[in-house]
Each structure stands twice: as C-alpha cells, then as structure tokens.
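For reference, the structure discussed in these notes is given below.
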C-alpha cells in the first residue's frame with residue numbers, strides 16, 4: 181500500500197488537510213504552531229484506491245531545542261518512507277525562508293512524486309495568492325484545506341500518481357500501548373522498533389496524537405499504537421488534552437491487545453485502575469507491563485509486593501498476565517510478542533458446547549445459585565455465541581436472579597479448564613422458555 185506524506189513548516193494546515201483526506205478528525209488541529217509532534221498514520225481510500233497517509237510535525241530549521249529537533253527528525257523519516265509527498269505552504273504568510281530550505285531539501289528526493297501545495301487561499305484571488313510561490317521554481321497548487329477548495333483536484337492527481345506498492349499494515353494485529361503520562365509508552369515503542377520512532381522526553385505528556393507503527397518480529401508483523409497518556413477528566417486543561425483523551429479511548433476500541441503500562445518505581449495508582457477498567461470494558465486482550473524495572477534494586481521482593489498489589493487493586497482482571505521490563509535498557513521486551521500471539525489465539529478460541537455444559541454442571545453442583553424469592557434458580561444450558569472476546573450464553577429459569585458475583589464464579593470455573601490468558605470473557609443470560 182502506497183504511503184503519502186504531508187510535510188511543511190509549522191501551522192500551515194497539514195493536520196487540517198490530513199483530517200479532510202481521511203474523512204474524520206484524526207489529527208489535532210489548533211492555531212498553536214507545533215501541535216502535531218509525532219508522525220500520525222491512517223489508512224484511507226480515494227477514488228477507489230487504498231493508501232496510507234501520514235501527518236507530520238512542522239519542519240523548522242531555526243535554532244533547535246531537543247523537542248524541535250526530534251519533531252524535524254520525525255518529519256524527515258516520513259519523507260524517507262513516503263512514495264508520494266505533499267509539501268504544504270501558507271498563502272496568508274507568503275513565501276517563507278523555511279519553505280525555500282524545505283524545497284531545497286526535497287530536491288534530494290527527485291524520484292518521489294512531490295506536490296507543492298499552497299493552502300489558505302479561500303477568498304483570495306487565485307493568481308495573486310500564487311504569484312510569489314512561482315519564484316520558487318515550482319508549480320504551486322492552490323487549496324483551502326479548511327473549506328475544501330481544490331482538495332478533490334489535488335487528491336485525484338495524488339491518487340493517479342500512486343503506483344501499486346506492497347500492502348502495508350492490512351490485517352496486522354493491533355497492539356495499543358496505554359497508560360498514564362510518562363510511564364514510558366513511547367520508550368517502549370522505540371525499543372520494540374529499535375529506532376527513535378516516537379518523541380521521548382522526561383516531560384509528561386509528550387505524545388499528543390495516537391501514533392501507529394508497523395513492527396516486525398520473527399517474520400510476523402504487528403501495528404503498534406502509542407497513545408497519549410490518559411489523564412483524569414478534571415485535569416484535561418486544553419482542547420488538545422481533550423482530543424487526545426477521546427482518541428486514546430477510540431484507539432483502545434480499535435486494538436486487539438492493549439499493553440497497560442505501570443511504573444515500577446511508583447506502584448499502582450488510581451488512574452492505573454481506571455485505564456485497566458477501560459480496556460476490560462472494551463473487551464480487549466490485556467497485558468500488564470511493569471516498566472522501569474531497572475530502577476528496582478531488590479527485584480524479587482519488589483515483584484512479590486507488586487503482584488500482591490495487582491491482586492488487591494486490579495482484582496477485576498485476574499486474566500491479565502504480568503511482565504516486567506525496562507524499555508530504557510531494552511531488557512525482557514522480547515517476551516511481549518509471544519504473549520500477544522497467545523492472547524490473540526485465546527481471543528479466537530472456540531469451546532465445544534458439550535464441554536461448556538460439563539463446566540456449568542460442575543460449577544452449579546459445587547456452588548448452586550442462591551434461591552430467588554423463595555424459589556430455586558436453575559442454570560440449564562451454556563453455549564458459545566461469539567469470539568474476540570469469547571462470549572457465552574447461559575439459559576436459566578430466572579436469569580434476573582443471577583448476579584455478577586455468580587457469573588464471576590462461573591468464569592473462575594471455566595478458566596480452570598480453559599485459562600484463556602490475557603482475554604476477558606463475556607456472559608449473557610436468557611430465560612429458558
């Protein structure tokens with residue numbers, strides 16, 4: 181699948197064009213320069229042709245702090261990866277020195293088809309808006325990403341220039357890396373990819389967008405989704421925080437397995453419990469990953485203490501396996517993918533109805549459901565009705581009498597025979613006619 185990269189200096193409208201192309205609000209759009217930091221990928225279709233489009237942070241050649249430098253490196257990496265480049269400039273500010281520098285840089289990629297786009301021409305005389313840009317020795321294309329003017333024509337040309345490229349990312353398992361700010365999510369993605377794919381900073385909240393990366397491990401491919409750190413709702417100070425929070429929830433919904441990251445040096449806090457609850461309610465596979473294990477001295481004692489805390493604080497996800505890693509030191513991270521594969525298999529598990537009814541019969545015999553309004557409650561039959569996660573339907577003469585505590589008991593009995601590591605299960609009740 182071809183990759184189209186949108187590049188340019190800060191605040192020229194790259195994310196607005198990205199959102200218009202993909203047809204929904206995927207990238208954060210604000211008037212503040214530098215809102216997009218990491219590369220943001222999305223699969224889309226235009227004119228019957230599928231491709232990936234990537235939004236990038238603004239390229240700036242001015243004196244750099246570490247963040248500016250990393251944003252520029254992310255954009256340059258996107259250019260290297262791309263099959264087609266859309267370079268955006270701004271009609272409101274006119275030709276900028278940075279535009280000239282970027283065009284000079286793009287000449288090194290003469291084999292890649294490049295479209296030179298002048299954005300924000302709404303309400304302006306088209307020729308007047310483009311006049312200065314011809315001096316750059318390019319053929320500028322006027323658009324308004326905000327209003328949609330010229331975008332259809334631009335994308336028709338982009339699609340026409342796309343050659344058939346080997347498909348990227350289609351059908352790969354999706355792994356979301358989630359957690360509160362600064363537990364090491366981006367460091368983990370970089371360690372798994374063995375390159376600085378994500379911007380990493382000691383400052384909490386460096387990742388704003390959810391960022392997809394294709395990862396290869398022993399001839400298998402996975403999509404890694406690094407999400408913005410989830411904050412408490414009352415701490416969502418800005419529109420950017422709110423957008424990132426909502427999109428993180430969306431990315432939990434679209435993943436197959438979520439890695440919930442915990443900080444070894446901090447233990448489990450209230451926000452960790454809420455994040456694990458989000459994943460559990462979404463019905464996704466889950467791994468509890470304790471990061472920053474390199475900071476712990478007495479590892480044996482610390483692990484016992486942490487596992488005890490997990491049993492007490494995260495009692496509602498007993499199925500989630502636990503691994504300890506150091507993303508910074510890149511230790512023990514190779515244990516992740518075999519575990520993901522096991523969880524994916526468990527999520528697709530099919531259990532024969534005969535076996536399910538043996539389990540149900542044993543559970544009821546060992547611990548019958550309590551009487552309801554003086555009458556006996558019977559559970560007569562169980563069958564599987566779905567996968568991802570495994571879902572089961574139980575027939576009863578009084579389904580309203582079966583509470584969550586009893587269903588959790590049935591789940592424990594089920595897992596004695598079928599552990600289904602890493603995946604939640606769902607039970608539904610129906611009245612037997």
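In the working numbering, the protein residues as written are 181 to 613.
Note that beta-carbon positions come from the ideal geometry of N, C-alpha and C, so glycine has one too.
Check your understanding: By a C-beta neighbour count over all protein chains shown, 10 Å radius and 16 as the cutoff for buried, is residue 225 buried or exposed?
Key -> exposed
Point to revise | C-alpha distance - residue 551 paired with residue 497, whole-angstrom precision | key: 28 angstroms
Review point. Does the beta-carbon distance from residue 575 to residue 605 come in below 8 angstroms?
Key: no
Check your understanding: Counting only runs that start and end within the segment 528-589, where is the alpha helix (DSSP H) found for 4 or more residues in a row?
Key -> 533-546
Practice item. Give a yes or no on contact between the segment 473-488 and the segment 433-440, applying the rule of three or more CB pairs nearer than 8 angstroms. Key: Remark: fewer than three beta-carbon pairs, one from each stretch, lie closer than 8 angstroms, so the segment 473-488 and the segment 433-440 are not flagged as touching.
Review point. Between residue 537 and residue 562, is the Cβ-Cβ spacing less than 8 angstroms?
Key: yes
Review point. Under three-state DSSP, which class holds residue 360?
Key: Three-state result, residue 360: coil.
**Study point:** Extent of the continuous beta strand (DSSP E) run through residue 503
**Key:** The continuous beta strand (DSSP E) containing residue 503 extends over residues 502-504.
Exercise for review: Just tell me which of 257, 268, 255 and 449 has its CA closest to the CA of residue 489.
Suggested key: The shortest C-alpha separation from residue 489 is found at 449.
**Study point:** Rounded distance between the beta-carbons of residue 540 and residue 353, thought under 8 angstroms
**Key:** In fact, because the Cβ distance is near 31 angstroms, the residues do not count as touching under 8 angstroms.
**Study point:** Residues near residue 534 in its chain [Cβ-Cβ closer than 8 angstroms; skip 5 each side]
**Key:** Within the same chain, and ignoring the five residues on either side of residue 534 in sequence, no residue has its Cβ closer than 8 angstroms to its Cβ.
Review point. Looking only at its own chain, which residues have a Cβ that is under 6 angstroms from the Cβ of residue 221, when we skip the five neighbours before and after it?
Key: 232, 234 and 392
Point to revise | Closest Cα partner of residue 501 within the set 255, 519 and 514 | key: 519
Review point. Buried or exposed: where does residue 319 fall if 16 or more other Cβ atoms within 10 Å of its Cβ makes it buried?
Key: When all chains shown are included, residue 319 counts as exposed.
Practice item. Please go through the same chain and pick out, in chain order, the residues whose beta-carbon is closer than 6 angstroms to the beta-carbon of residue 262, but skip the five residues on each side of it. Key: Closer than 6 angstroms at the Cβ level, and outside the excluded window around residue 262, lie 183 and 185.
**Study point:** Cβ-Cβ separation, residue 469 to residue 503 (assumed contact under 8 angstroms), whole Å
**Key:** 5 angstroms
Review point. From residue 578 to residue 556, what does the alpha carbon distance come to, in whole angstroms?
Key: 9 angstroms
Exercise for review: Check whether the Cβ atoms of residue 569 and residue 603 sit closer than 8 angstroms, and answer yes or no.
Suggested key: yes
Practice item. Out of 237, 458, 276 and 368, state which residue places its alpha-carbon closest to the alpha-carbon of residue 505. Key: The shortest Cα separation from residue 505 among 237, 458, 276 and 368 belongs to 368.
**Study point:** residue 299 versus 195, 203, 239 and 280, residue with shortest Cα-Cα distance
**Key:** 195
Exercise for review: Could you tell me whether the Cβ of residue 342 comes closer than 8 angstroms to any Cβ of chain D?
Suggested key: Among the protein chains of the structure shown there is no chain D, as only one such chain exists.
Practice item. Taking 8 angstroms as the cut-off, decide whether the C-beta atoms of residue 265 and residue 294 are in contact. Key: Yes, Cβ-Cβ distance for residue 265 and residue 294 is below 8 angstroms.
Check your understanding: Around the Cβ of residue 472, are there at least 16 other Cβ atoms within 10 angstroms (buried) or fewer (exposed)?
Key -> By the 10 Å Cβ count, residue 472 comes out buried.
Exercise for review: Assign residue 366 to one of two classes, buried (16 or more other C-beta atoms within 10 Å of its C-beta) or exposed (fewer than that).
Suggested key: Buried is the label assigned to residue 366, since at least 16 other Cβ atoms lie within 10 Å of its Cβ.
Review point. What's the call for residue 565, buried or exposed, on a 16-neighbour Cβ count within 10 Å?
Key: exposed
Check your understanding: Cβ of residue 507 within 8 angstroms of Cβ of residue 516?
Key -> no
Point to revise | Rounded separation between residue 193 and residue 434 - CA only | key: 27 angstroms
Exercise for review: Return the CA-CA distance between residue 190 and residue 258, expressed in angstroms with no decimal places.
Suggested key: Inter-residue distance for residue 190 and residue 258 is about 15 angstroms (C-alpha atoms, whole angstroms).
Practice item. Look at the alpha carbon of residue 453 and the alpha carbon of residue 445, and state the distance between them as a whole number of angstroms. Key: Residue 453 and residue 445: Cα-Cα distance of roughly 17 angstroms.
Exercise for review: Determine the direct distance from the alpha carbon of residue 203 to that of residue 276, and round the result to whole angstroms.
Suggested key: 29 angstroms
Practice item. Enumerate, from N- to C-terminal direction, the unbroken alpha helix (DSSP H) stretches of 4 or more residues contained entirely within the segment 249-320. Key: Counting only runs of 4 or more, we get 277-286 and 306-310.
Check your understanding: How is the beta strand (DSSP E) around residue 220 delimited, first residue to last?
Key -> 220-226
Review point. By how many angstroms is the C-alpha of residue 283 removed from the C-alpha of residue 324?
Key: 21 angstroms
Practice item. Let me know if residue 296 comes out buried or exposed under the rule of 16 or more other beta-carbons within 10 Å of its beta-carbon. Key: buried
Check your understanding: In the segment 435-521, which residue ranges form an unbroken beta strand (DSSP E) of at least 3 residues, counting only runs that do not cross its ends?
Key -> 437-443, 465-471 and 502-504
Exercise for review: In the DSSP assignment, find the unbroken alpha helix (DSSP H) run with residue 325 in it and report its ends.
Suggested key: Looking at the DSSP string, residue 325 is not in any alpha helix (DSSP H), and its letter there is neither H nor E.
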